[in-house]
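This report concerns only the one structure given below.
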Amino acid sequence: MVLTTRQGTPDPRQELAFGHADVVAIVDALLQHQDLALLKLARQAIISQDVLDDAYIRLLLGSGATKPMMKSARRIAAAGNRIAREPDLDLKGRRKGAVLERLVNGLVRQREAAEREAEIQLTRNPHTRRPWSRPKDVVVPLADPVEVYECKFNGRWLEQADVDEMGDIDLTARAGGGQSRACVAIMASKTTLDAVRPGLRLSEPLYFAELDDLLDLRYLPPSRQM
């Protein structure tokens, strides 16, 4: 084992969001079809309060607008619209984040044994000076490379504290004799990461998966670095 993990204590409010019916409905449909057009539909439904009608859905799906896809697309659009219209901003933000966390967890588990909300022992910690990380969204501690995912629905919320912790995780993994993929997963375009990159100090490699290649996590970890 390259990384030593222990079960963290997740925020109970985020756990409620992770299991919310609308979050589950969206992710179940995305995992069933694993189609990029459906993923983009899900993002659009979640961020916009506008009702996405059949005409818009068919336009987005194009030739993929089969009866099964349309059925799933309507389910995604309805659930996403309910999240977008949630008046409590904290609940809305948590459910948006939970969609991404649940999706990344489901995709990675198709090829590796993954852990949720796991804390990682930091044997090399020049950045955080902490012996254990905060609970990470998805961890694959036994693979080579090991994989750790920080999920940010919108990449603009990536902070230096996140980068520092992922750097210590990378150093710890490599000190243990393995390779590492410390990853940021976003349900948005890479341009959101480009916007925050100048304000971040990166000492170790930090990989990312954006909207366009997020579904590829079912095959392999990200290969692009920030």
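For the sequence shown, the working numbering assigns the number 2 to the initial residue and increments by one for each residue that follows. Each residue gets a CB set at the ideal place from its N, CA and C atoms; glycine is no exception. All figures in this text were calculated on a predicted structure; none of them were measured in a lab.
Taking the beta carbon of Arg182 as the centre, do at least 16 other beta carbons fall within 10 Å, making it buried, or is it exposed? buried
Of all the options Ser190, Ala162 and Gln180, which has the alpha carbon lying nearest to the alpha carbon of Gly200? Ala162
If you run the structure through DSSP and keep just helix, strand and coil, what is Phe209? strand
How far does the beta strand (DSSP E) with Thr6 in it reach, from first residue to last? According to the DSSP assignment, Thr6 belongs to the beta strand (DSSP E) that extends over Thr6 to Gln8.
Tell me which residues share the same chain as Ser190 and place their Cβ nearer than 7 angstroms to its Cβ, disregarding the 5 neighbours each side in the sequence. Glu211 and Leu212
Only counting runs of 3 or more residues, tell me where the beta strand (DSSP E) segments fall wholly within the stretch 69–122, in order along the chain. 116–121
Extent of the continuous beta strand (DSSP E) run through Arg182: Ser181 to Ile187
Buried or exposed (CB count within 10 angstroms, at least 16 for buried), Leu62: Leu62 should be labelled buried.
Quick check on DSSP: helix, strand or coil for Glu16? helix
Pick from Gly156, Ala78 and Arg14 that is closest to Gln89, judged by C-alpha positions: According to the sequence provided, residue 89 is Asp. The question's Gln does not apply to it. Among Gly156, Ala78 and Arg14, the Cα nearest to that of Asp89 is on Arg14.
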